[in-house]
Amino acid sequence: MINAKKLFQVLICLILCNLVFADEIHLDTLGRFRILKSGSGFSAQSAGDVSYAVRSADGIDSLILADEEGYKQCFFDDEMNLLKEQKWSYSDGAPVLVLEAFYTYADSENVLRKKQRTTTRFDERTQTKTRYDTKGLVVAESIFELNESDQPKKKPISSFMKKYDEKGRVIEEQTADLEHGLIKKTFSYDGKGTRPDEKRFEKNTEVYDKTYINGTDYREKVFFDDGTAIVTDYENGVKKAQYVERDGQFVRSIKQ
């Protein structure tokens, strides 16, 4: 995505250019300033940071940010929703496509929100598919390797899913990769701490528990297959005590 500060600077520059060259200003249906309609001529390989606004024949605006190492071009619809993003670098004086991302949107309560992003990294030989919920929060993401035809393979090399509560806080997260398999984390905001309590599961078995006593003190438990657990108490983030328990019963202390 375009850095907001950078985009603001670009738009100010374009406004000044508009005063000189009398280009047409593009507004959305609510009358808000979006971007200038400018000529389509573009020389990417230019010294220093250069920005261009382009109005193509089919009515899609694009914004180009270029420097000596390469350039990025973002394509928008008539309401300036980002549709496609391309990043090019220079190899032997010629531009080479290293990243391409596509965006789709869904109408939720009369507000157009991002639905999915598909990002292909040709330099890393991967494709990442990201899904969003109706509030614009990331709910799932999968990373695939590219085959020889630059198409994603069927099985992802890693993925994750997230669930949120009504306040937009993460309450569950599942990650999976070829090395560690499936790991599930749950988060509870009912405790007294300012941070959520956390439980971690591997192969549907609890392996870790973190419970806040108050805003600064908490207890960690690491569970093992033999029924034992190492318990560590923290005060203000500093370890104060550590001991072994079995089936919830104290066994012995661990000397610091």
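Under my numbering, the first residue of the sequence shown carries the number 1149, and numbering increases by one thereafter.
We put the CB at the ideal spot given by N, CA and C, even for glycine.
By the CB criterion at 8 Å, R1279 and Q1299 fall outside the cutoff. Counted as a single uninterrupted DSSP element, the beta strand (DSSP E) harbouring E1248 occupies residues 1242 to 1256. Inside the segment 1287 to 1359, DSSP marks whole beta strand (DSSP E) runs of 3 or more residues at positions 1306 to 1312, 1318 to 1325, 1329 to 1336, 1345 to 1350, from first to last along the chain. E1354 and G1385 have their C-alpha atoms roughly 23 Å apart. Taking the C-beta atoms as reference points, K1347 is found nearer than 8 Å to D1357. Pairing A1389 with D1381 gives a Cβ-Cβ distance under 8 Å. Partner residues in the beta bridge of R1394, as assigned by DSSP, are T1376, Q1397. Annotation: the continuous beta strand (DSSP E) that includes L1211 extends over 1209 to 1214. Boundaries of the beta strand (DSSP E) around K1235: 1230 to 1239. For L1285, the secondary structure class from DSSP, reduced to helix, strand or coil, is coil. Cβ neighbours of D1313 within its own chain (closer than 6 Å, five residues either side excluded): I1319. Only buried fits V1379, as 16 or more other CB atoms lie within 10 angstroms of its CB. Around T1267, the same chain offers A1249, T1276 as residues with beta carbons nearer than 6 Å, after the five sequence neighbours per side are excluded.
For N1362, the closest C-alpha among the options E1393, T1342, F1223, L1326 is that of T1342.
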